[in-house]
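For reference, each letter of the sequence shown is one residue, going 0 to 278 in numbering that gives the first Met the number 0.
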Amino acid sequence: MSTESPVGTPSPAAGPAKIRLRHLQQAKAQGRPFAMLTAYDQFAAQAFEAAGVEVLLVGDSVGTTVLGHSSTTATTHQDMLTFTGAVARSVSRPLVVADLAFGTYEAGPTDALRHGVELVRAGAEVVKLEGGAEVAAQVQALVQAGIPVFGHLGFTPQSVNSLSGHRVQGREEAAAQKLVDDALALQRAGAAAIVLELVPAAVARAVTAALDVPTIGIGAGPECDGQVLVWQDMAGLSGFHGRFVKAFADLRTDLQQAAEQYRAEVGARSYPGPEHSFE
Ligand code: KIV
Numbered sequence: 000m001s002t003e004s005p006v007g008t009p010s011p012a013a014g015p016a017k018i019r020l021r022h023l024q025q026a027k028a029q030g031r032p033f034a035m036l037t038a039y040d041q042f043a044a045q046a047f048e049a050a051g052v053e054v055l056l057v058g059d060s061v062g063t064t065v066l067g068h069s070s071t072t073a074t075t076h077q078d079m080l081t082f083t084g085a086v087a088r089s090v091s092r093p094l095v096v097a098d099l100a101f102g103t104y105e106a107g108p109t110d111a112l113r114h115g116v117e118l119v120r121a122g123a124e125v126v127k128l129e130g131g132a133e134v135a136a137q138v139q140a141l142v143q144a145g146i147p148v149f150g151h152l153g154f155t156p157q158s159v160n161s162l163s164g165h166r167v168q169g170r171e172e173a174a175a176q177k178l179v180d181d182a183l184a185l186q187r188a189g190a191a192a193i194v195l196e197l198v199p200a201a202v203a204r205a206v207t208a209a210l211d212v213p214t215i216g217i218g219a220g221p222e223c224d225g226q227v228l229v230w231q232d233m234a235g236l237s238g239f240h241g242r243f244v245k246a247f248a249d250l251r252t253d254l255q256q257a258a259e260q261y262r263a264e265v266g267a268r269s270y271p272g273p274e275h276s277f278e
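In structure tokens form, the structure reads like this:
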């Protein structure tokens, strides 16, 4: 019998020493929401691990949040390998999920498998890809090779151009039904969880009820099994204030004030002081 306390308990110390897929599955079964945050570097990843965040996503959003691109379509496979390695080397408890970059899986299962294997070699424990039934064969190939997969439905950022920008998906009845059908197709193919992005709360609730595997929402209301945010939005560093974002800190102001103070003290020769200098 397991002596582990479940995921979603108030103190991470009371939960499992290492988060596995089965803990997310248990969390869904027991109605205990879990938290996922993006992470791309050592110190942020370690802070989120210390906070007890169960899942870290090395998102292809690294392209827009770290590398200065305007779309995740610019994020490369090499970018994903670099940042996945940085996060995976820095933490031990959270489940580390990495995105398959745009252009690395759409051509078919062979391509998806090759890039998925490289992400796992870099440290990913799960890979995530965007799309519904049209990528089910890729999901199946990865899962058969022993690589767990998360799906991603609703607004799929790598398709920003064909979706005509960042827009809520699944508002019309047919589109909502397609979301449920796509989620079921991904689950049948072996997906272990599905991210739902920019989806009406009622549709996310229906998808969540239809699936055995967990859903993880971003702009998809409160009834998903887990929630995910881009960390720079969550911490008030990016300055992005989309409706679905709550900034739990004001890091942008804090960082700017620290830099202003540093600059002022350098200018006034009050830093470095004797206590920062060597005899
Ligand atoms: O890349 C990313 O950050 C994501 C989240 C928006 C879920 O895929």
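The C-beta atom is built at its ideal place from N, Cα and C for all residues, glycine as well. On a predicted model such as this, the values are computed, not experimentally measured, just so you know.
Nearest residue (CA-CA) to proline 169, options Gly238, Leu195, Ala97:
Per the sequence shown, the amino acid found at residue 169 is glycine instead of proline. Answer by Cα proximity: Leu195.
If you measure from each residue's Cβ to the nearest non-hydrogen atom of the ligand KIV, which ones come out under 7 Å, in chain order?
Thr37, Leu56, Gly58, Asp59, Ser60, Thr71, Asp98, Lys127, His151, Pro156, Val194, Glu196, Ile217, Val227, Val229
Valine 57 and phenylalanine 82 closer than 8 Å at C-beta
yes
Where alanine 203 and glutamine 41 are concerned, what is the direct C-alpha to C-alpha distance, given to the nearest angstrom?
32 Å
Are three or more beta carbon pairs between the region 171-189 and the region 217-227 nearer than 8 Å?
no
I need the DSSP call for histidine 114, collapsed to helix, strand or coil.
helix
Whose C-alpha, out of Gly131, Pro108, Thr109, Leu99, is nearest the C-alpha of alanine 121?
Leu99
On the three-state DSSP scale, how would you describe lysine 245?
coil
Three-state class that DSSP yields for tyrosine 261 in the structure shown
helix
Residues near phenylalanine 154 by beta carbon distance below 8 Å, same chain, minus five either side
Leu162, His165, Arg166, Val167, Gln168, Glu196, Leu197, Val198, Gly218
Cβ-based burial, serine 89 [other Cβ within 10 Å; buried from 16]
buried
If I follow the unbroken alpha helix (DSSP H) through leucine 281, where does it start and stop?
Here the chain covers residues 0 to 278 and nothing more, so residue 281 does not appear.
Output the distance between the C-alpha atoms of glutamine 231 and serine 269, rounded to the nearest integer angstrom.
Rounded to the nearest angstrom, the two C-alpha atoms are 32 Å apart.
Span separating the alpha-carbon of valine 229 from that of glutamate 278:
Those two C-alpha atoms are separated by around 45 Å.
What does a CB cutoff of less than 6 Å around alanine 200 pick up in its chain, not counting 5 residues either side in sequence?
Gly220
Same chain, Cβ closer than 8 Å to valine 265, five either side skipped, listed in chain order:
none
Residue from Gly62, Glu172, Ala248 whose Cα sits closest to the Cα of alanine 38:
Gly62
Counting along the chain, where does the beta strand (DSSP E) carrying threonine 305 start and finish?
Because the chain is modelled from 0 through 278, residue 305 falls outside the range shown and cannot be assessed.
In the DSSP assignment, the alpha helix (DSSP H) including phenylalanine 82 goes from what residue to what residue?
Membership of phenylalanine 82 in the alpha helix (DSSP H) is indicated by the continuous run 76-89.
Check this for me: beta carbons of leucine 118 and alanine 144, under 8 Å apart or not?
no
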